[in-house]
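Enquirer:
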Amino acid sequence: MSSRAAAACLRLSPAALQLRRRGAPVLPVRGLNVQATTEQAGKLKSIEDLPGPSWPRTLYWLFARGYAEKAHLLQSLQKSLYGPVWRSKFGPFDIVNVASPDLIAQVIQQEGRYPLRVELAHWKEYRDLRGQAYGLHVDTGPEWYRMRSVLNPKMLKLQEVSAYAPIIHRVVGDLLRRVEFLRSRSHDGSTVSDVAAELYKFGFEGISSILFETRLGCLEEQIPCDTQRFIAAVNDMLMLSEVVILFPRWTRSILPFWRRFVQAWDDLYEVAKKLVDRRVAEIEAQDGSGGAADGLYLTYLLASDKMSRAEVYISVTELMLGGVDTTSNTLSWALYQLARNRRTQDFLYSEINSLCPNKQEPTRDDLNRMPYLKAVIKETLRLYPVVHGNGRFVAENEVIVDKYCFPKKTQFHLCHYAACHDEAQFNNPEEFIPERWLQVEAPSCHSNRATPGFYQHHPYSFIPFGVGVRACVGRRVAEMEMFFALSRLVQNYTVEPEAGAPVVEPKTRTLLVPSQPINLRFLPRN
């Protein structure tokens, strides 16, 4: 790299100030010296200087060593071999991996005003094929920012999100009735098989109830046909999205993946559009009768003059796609760990019962006084981050990471799993220890080790919902769903593993999911 180019790179570091003005957390960036001379700047290395695996070695790891379903573990392996920043190439991908909190912070603080997670060219191709609006995942620049500014307020402000509490409680009530039904049908009268599948239905019902302002019947014994079609389309589209992107466009007419991908999106969009149009008709009927339209999130979007109807269709669909797995997977892993850590479960029950005796429904205010409940969810997200790596595609400027200067349009992979399993950040990182998140010492729930209590860790070592301007827009809703669901399940049941249940490890299927069904016994509390 020339000293002139490197010096230009260094001058971009004040982008962190731009983030601070927009309220994003900004940390001192180690290794960045905005006063660096041209001579010092010339010492920066380029992407070509990065270490990393060869193609054959990557193929060997993925297929011969089985890391295709353990991509989260591959992060730590490659970090141990190449250091905290390395380059990997696979198929059409050329990626810079960043696996330490300090370096992740450096990327985030230089991401610019309009960063991307990844370029979804195949999603854009589908939108163009059908003449649809692009939406948050495809649109870029000021258009993306405009839509995000409309979607944020009713999703990220706690006061606004609190309005969804009654809706979530009704869905949790249906979940409890579903658990009772499944227990009654089980061989021992207490076991619920494949808890993750049931909680997926809960997650789908919960977020859809908010986004579409209607109930889909996911937790009923007989799921409606349109709802089954909706769920299947989501699964097919996400699975095929991973496959389609690996093949060049000339294969579209030869291989079946593109055709199936288009069909999945068609089904998904058609059902979503039908649900939105139904709500539009209800609002028009209310207006026609002289009354003001009652409603929450969808009603707010439809009333906004900053989004077209086409943008509303695609926006609520994409929000729904991101709002199911975080809730369902995290609750599944939390129950799995609580079932195997009885003292942890008892301590959690004591906290909940002290504030909400006799199985009272917790309120938002109650949740604010349940630090252990929040610690359990945090520790679950640390141990099993739903998204094991966050992408950043910085198109606006060059980026300095450590001793390297990267050109515009470099694709970064922020190795979240490696960061939150780093021994330098978390003691005993492979153990489930909710107490590590408490700010005061709590009675130990673990007889064989001292309670670690609260300690400081790097803020970028734990970013389960992302960070910066591309952070998850549905974070507050997902957290409230998880808090209400877990608290009421623990209020009503003692959870135990099924007799002879094996240890369940996570696997990578785009997201981090259980490698086999989690079967748990739900024993009613008195």
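Numbering (my numbering), first residue to last: 449 to 974. Don't be surprised by glycine CBs; every beta carbon is placed ideally from N, CA and C. Since the structure is predicted, the reported quantities are computational estimates derived from the model, not experimental observations.
Out of T506, D576, F660, state which residue places its alpha-carbon closest to the alpha-carbon of D542.
Expert: Position 94 of the sequence shown holds residue 542. Nearest C-alpha to D542: T506.
Enquirer: Apply the 10 Å Cβ neighbour rule to K754 and answer buried if 16 or more other Cβ atoms are within range, or exposed otherwise.
Expert: Reading the sequence shown from its first residue, position 306 is the one you call residue 754. It is exposed - the Cβ of K754 has fewer than 16 other Cβ atoms within 10 Å.
Enquirer: Taking 6 Å as the limit between beta carbons, can you name the residues of its chain near V764, skipping five residues before and five after?
Expert: The residue given as residue 764 occupies position 316 in the sequence shown. Within the same chain, V764 has close Cβ partners L659.
Enquirer: DSSP state of H861, grouped into three classes?
Expert: By 1-based counting over the sequence shown, the position of residue 861 is 413. Strand, per DSSP.
Enquirer: Expressed to the nearest angstrom, what Euclidean distance is found between the alpha-carbon atoms of R708 and L630?
Expert: Within the sequence shown, numbered from 1, the residue matching residue 708 stands at position 260. Within the sequence shown, numbered from 1, the residue matching residue 630 stands at position 182. Taking the straight line from one Cα to the other gives about 33 Å.
Enquirer: Closer than 7 Å, CB to CB, is D715 near chain B or not?
Expert: Among the chains in the structure shown there is no chain B, since it carries only a single protein chain.
Enquirer: Distance check for I615 and P601, CA to CA, integer angstroms please.
Expert: Translated into the one-based positions of the sequence shown, residue 601 becomes position 153. Translated into the one-based positions of the sequence shown, residue 615 becomes position 167. Their Cα atoms are separated by approximately 18 Å.
Enquirer: Please go through the same chain and pick out, in chain order, the residues whose beta-carbon is closer than 6 Å to the beta-carbon of R700, but skip the five residues on each side of it.
Expert: Translated into the one-based positions of the sequence shown, residue 700 becomes position 252. For R700, where only same-chain residues beyond five positions count, the Cβ hits under 6 Å are W706.
Enquirer: Out of P819, R790, L786, point me to the one whose CA is closest to S802's CA.
Expert: Indexing the sequence shown from 1 puts residue 802 at position 354. Measuring from the Cα of S802, the nearest candidate turns out to be P819.
Enquirer: Quick check: the region 903-911 against the region 843-858, are there 3 or more CB pairs under 8 Å?
Expert: They do not touch, by the three-pair rule.
Enquirer: Could you check what DSSP says for P601 in three-state terms: helix, strand or coil?
Expert: Indexing the sequence shown from 1 puts residue 601 at position 153. Note: P601 maps to helix in three-state DSSP.
Enquirer: In whole angstroms, what is the alpha-carbon distance linking Y908 and N816?
Expert: Here residue 908 refers to the residue found at position 460 of the sequence shown. Here residue 816 refers to the residue found at position 368 of the sequence shown. Roughly 24 Å separates the two Cα atoms.
Enquirer: Specify whether the region 637-655 and the region 720-733 touch according to this definition: at least 3 beta carbon pairs, one from each stretch, less than 8 Å apart.
Expert: No, because fewer than three Cβ pairs between the region 637-655 and the region 720-733 fall closer than 8 Å, the two stretches do not touch.
Enquirer: What's the C-alpha gap between G977 and L522?
Expert: With the chain covering only 449 through 974, there is no way to say anything about residue 977.
Enquirer: Measure the C-alpha to C-alpha separation of R973 and C804 and round it to an integer number of angstroms.
Expert: Here the question's residue 973 lines up with position 525 in the sequence shown. Here the question's residue 804 lines up with position 356 in the sequence shown. Rounded to whole angstroms, R973 to C804 spans 14 Å at the Cα level.
Enquirer: Is K822 helix, strand or coil when you go by DSSP?
Expert: Your numbering for residue 822 matches position 374 in the sequence shown. Note: K822 maps to helix in three-state DSSP.
Enquirer: CA-CA distance, N896 and E879?
Expert: Locating residue 896 in the sequence shown gives position 448, where the first residue counts as 1. Locating residue 879 in the sequence shown gives position 431, where the first residue counts as 1. Legend: pLDDT at N896 = 41, less than 50; position of this residue unreliable, value from coordinates given subsequently. Spanning the two alpha carbons is a distance of roughly 12 Å.
Enquirer: Using only alpha-carbon positions, find the residue among D497, L862, E732 that is nearest to P549.
Expert: Indexing the sequence shown from 1 puts residue 549 at position 101. The candidate whose alpha carbon is nearest that of P549 is L862.
Enquirer: Out of H836, L831, F854, R840, which has the shortest C-alpha to C-alpha gap to E871?
Expert: Here residue 871 is taken as the residue at index 423 of the sequence shown, counted from 1. The residue with the shortest Cα to Cα distance from E871 is L831.
Enquirer: What is the DSSP secondary structure of K807, counted as helix, strand or coil?
Expert: Taking the sequence shown and counting its residues from 1, the one referred to as residue 807 is at position 359. If DSSP states are grouped into helix, strand and coil, K807 belongs with the helices.
Enquirer: How would you call I702, buried or exposed, if buried means at least 16 neighbouring beta carbons within 10 angstroms?
Expert: In the sequence shown, residue 702 corresponds to position 254, counting from 1. With fewer than 16 Cβ atoms within 10 Å of its Cβ, I702 is classed as exposed.
Enquirer: Three-state secondary structure (DSSP) at V961?
Expert: In the sequence shown, counting from the first residue as 1, residue 961 sits at position 513. DSSP places V961 in strand when its eight states are reduced to three.
Enquirer: For the candidate residues E927, S776, F695, R924, whose alpha-carbon lies nearest to that of A569?
Expert: As a working note, residue 569 is residue 121 in the sequence shown. When each option's Cα is compared against that of A569, the closest is F695.
Enquirer: From K856 to L599, what distance separates their C-alpha atoms?
Expert: As a working note, residue 856 is residue 408 in the sequence shown. As a working note, residue 599 is residue 151 in the sequence shown. Each residue's Cα considered, the two are about 28 Å apart.
Enquirer: Taking the alpha-carbon of T858 as reference, which of R697, A516, L564, A512 has the nearest alpha-carbon?
Expert: Stepping through the sequence shown from its first residue, residue 858 is reached at position 410. Taking only the C-alpha atoms, the option nearest T858 is L564.
Enquirer: Whole angstroms is fine: what's the gap from L779's alpha carbon to K493's?
Expert: Taking the sequence shown and counting its residues from 1, one reaches residue 779 at position 331. Taking the sequence shown and counting its residues from 1, one reaches residue 493 at position 45. Taking the straight line from one Cα to the other gives about 44 Å.
Enquirer: For G579, which of I762, L510, C853 has the nearest alpha-carbon?
Expert: Looking up residue 579 in the sequence shown gives position 131. Residue I762 is the option with its Cα nearest to G579.
Enquirer: Where in the region 640-686 do unbroken runs of the alpha helix (DSSP H), each at least 4 residues long, occur, reported from the N-terminal end onward?
Expert: Fully enclosed alpha helix (DSSP H) runs of 4 or longer: 643-659.
Enquirer: Name, in chain order, the residues that DSSP records as bridge partners for F854.
Expert: Here the question's residue 854 lines up with position 406 in the sequence shown. Note: F854 sits in a beta bridge opposite V847.
Enquirer: Examine the Cβ distances between the region 923-931 and the region 769-786 and report whether three or more of them are shorter than 8 Å.
Expert: Contact holds: three or more Cβ-Cβ distances are below 8 Å.
Enquirer: Would you check if the distance between the CB atom of V772 and the CB atom of F652 is smaller than 7 Å?
Expert: Stepping through the sequence shown from its first residue, residue 772 is reached at position 324. Stepping through the sequence shown from its first residue, residue 652 is reached at position 204. Yes. Within cutoff.
Enquirer: Would L786 and Q793 be called neighbours here (beta carbons separated by less than 7 Å)?
Expert: The count along the sequence shown starts at 1 and reaches residue 786 at position 338. The count along the sequence shown starts at 1 and reaches residue 793 at position 345. Contact flag set, yes.
Enquirer: Out of W571, R812, G654, which has the shortest C-alpha to C-alpha gap to I693?
Expert: Position 245 of the sequence shown, counted from the start, is the residue given in the question as residue 693. Nearest of W571, R812, G654 to I693, Cα basis: W571.
Enquirer: Contact check, R788 vs P540 under 8 Å by CB: the rounded distance?
Expert: For this step, residue 788 is matched to residue 340 along the sequence shown. For this step, residue 540 is matched to residue 92 along the sequence shown. That pair is no contact at about 42 Å.
Enquirer: I'd like to confirm the pairing. Which residues does DSSP put opposite N838 in its beta bridges?
Expert: Taking the sequence shown and counting its residues from 1, the one referred to as residue 838 is at position 390. Answer is L862, bridged to N838.
Enquirer: Once DSSP output is grouped into helix, strand and coil, what is the label at S536?
Expert: To locate residue 536, count along the sequence shown from 1; it is residue 88. In the structure shown, S536 sits in a strand (DSSP, three-state: E or B).
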